[in-house]
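Numbered by this note's numbering, the letters in the sequence shown go through residues 62 to 340 in order. Beta carbons are placed, not taken as given, at the ideal position from N, Cα and C, and that holds for glycine. Keep in mind the model is a prediction, meaning the values are calculated, not measured. See structure below.
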Amino acid sequence: MSGVVVSLCLLAVFVLLCELSRRILTKLLAPKGLCLSAVYAVELVSTLQLCICNLELRLLGEVGRLQPQFCLSLTYLASVVHGLTFHGALGNPCSTLEYTYRGRLTARSGVLRMVCQFMAASVARTMLQGLWALGLSDLHLRHTLQGFQCISPIHTDTHTSLVLPGPLVTAAAVELAGAFAMQTAFTHTHTMDQRYRVHAIAALTATLTYAGGKMTGAVFNPALALSTQFSCSGHSFLDYCLVYWLAPLLGMMCSVLLFDQMLSGRASPYRPLLANKRK
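Here you go:
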């Protein structure tokens, strides 16, 4: 139990440090006419926060062997915290591409945001491995002694194998469906008050994690997957690209194109989660 407390304290410290960094960077860069630089800095810090929190939560679930209900509660809470602290950052290449498609971002800005997202994803795992190596808790020490080993969650069971052939196809379908559901929720909750919207999105995130977590980890985010899944043993880099990059992208595109067609006659202003101001 002490390991869980240490991890939760570290998560709180990470979030506070990231929030402090966002505020400092915004205050330093914005007055100097570097508003775009501030936007990219916030994107990088926010994605770093997202990846670090997910890596630590994954450690709690896999090494700490916590009860699924407790892990889902932490997932919900973390999603709410991210929603309230991102300050307009997207933290997801799929969302960035969707936002660019809608014309809210230029192509250059979209590419730079995605560069920040993947950079943060790469840095997050290296940072946490250094922290885990300090052995601040028995969970961290155990994980370090195992060489930071993780095993891919991609597998199938007897129920899904009756519907979809092969674990990779099943996993890709899960990620596609999850990304479709998330994008649809973003689209159809844009009129909600932000205070309630973050809870609705967090509840959906926890639900999808419960439904698909055992098959893929329920990531639905290419940058987050790079940080949490690509270093795991069990499958090749191309397999991970199919499941965690291509499938979520297709899921997002299906949702956008489908509902753009359905709602084209009664379009309303759109904003993704946490896009409080146009960049």
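- Return the CA-CA distance between residue 242 and residue 97, expressed in angstroms with no decimal places. Here the question's residue 242 lines up with position 181 in the sequence shown. Here the question's residue 97 lines up with position 36 in the sequence shown. Spanning the two alpha carbons is a distance of roughly 31 Å.
- Query: By a C-beta neighbour count over all protein chains shown, 10 Å radius and 16 as the cutoff for buried, is residue 250 buried or exposed?
  - Reply: For this step, residue 250 is matched to residue 189 along the sequence shown. Result: buried.
- Message: For residue 65 and residue 278, what's the separation of their Cα atoms in angstroms?
- Response: Here residue 65 is taken as the residue at index 4 of the sequence shown, counted from 1. Here residue 278 is taken as the residue at index 217 of the sequence shown, counted from 1. Distance between the alpha carbons of residue 65 and residue 278 is about 20 Å.
- Message: Does residue 85 come out as helix, strand or coil in the three-state DSSP assignment?
- Response: In the sequence shown, counting from the first residue as 1, residue 85 sits at position 24. DSSP places residue 85 in helix when its eight states are reduced to three.
- Query: Residues in its own chain within less than 8 Å of residue 76 by CB, not counting five upstream and five downstream?
  - Reply: Taking the sequence shown and counting its residues from 1, the one referred to as residue 76 is at position 15. Excluding positions up to five away in sequence, the list reads 110, 114, 142 and 146.
- Item | Close-in-space but distant-in-sequence residues of the same chain around residue 313 (CB under 6 Å, 5 per side omitted) | In the sequence shown, residue 313 corresponds to position 252, counting from 1. 155, 159, 240 and 244.
- Give the DSSP bridge partners of residue 294, in chain order. Within the sequence shown, numbered from 1, the residue matching residue 294 stands at position 233. According to DSSP, which records beta bridges pairwise, residue 294 is partnered with 212.
- Exposure label - residue 323; buried when at least 16 CB within 10 Å: Sequence index remark: in the sequence shown, residue 323 carries index 262 (1-based). Residue 323 is exposed by the Cβ-count criterion.
- Item | Nearest-angstrom Cα separation, counted from residue 270 out to residue 287 | Position 226 of the sequence shown holds residue 287. Position 209 of the sequence shown holds residue 270. The straight-line gap from Cα to Cα measures roughly 18 Å.
- Task: Could you tell me if residue 130 is buried or exposed, where buried requires 16 or more neighbouring beta carbons within 10 angstroms of its beta carbon?
- Result: Translated into the one-based positions of the sequence shown, residue 130 becomes position 69. Answer is exposed; the Cβ neighbour count stays below 16.
- Task: For residue 165, name the three-state secondary structure that DSSP assigns.
- Result: Taking the first residue of the sequence shown as 1, we reach residue 165 at position 104. It is coil, neither helix nor strand.
- Query: Roughly how many angstroms lie between the CA atoms of residue 202 and residue 118, to the nearest whole one?
  - Reply: Locating residue 202 in the sequence shown gives position 141, counting from the first residue. Locating residue 118 in the sequence shown gives position 57, counting from the first residue. Cα to Cα, residue 202 sits roughly 16 Å from residue 118.
- Query: If we count Cβ pairs, one from each stretch, closer than 8 Å, do we get three or more for the segment 255 to 263 versus the segment 281 to 300?
  - Reply: no
- Item | Integer Cβ distance of residue 127 from residue 121, believed to fall under 8 Å | Reading the sequence shown from its first residue, position 66 is the one you call residue 127. Reading the sequence shown from its first residue, position 60 is the one you call residue 121. Sure, about 5 Å apart at Cβ, within 8 Å.
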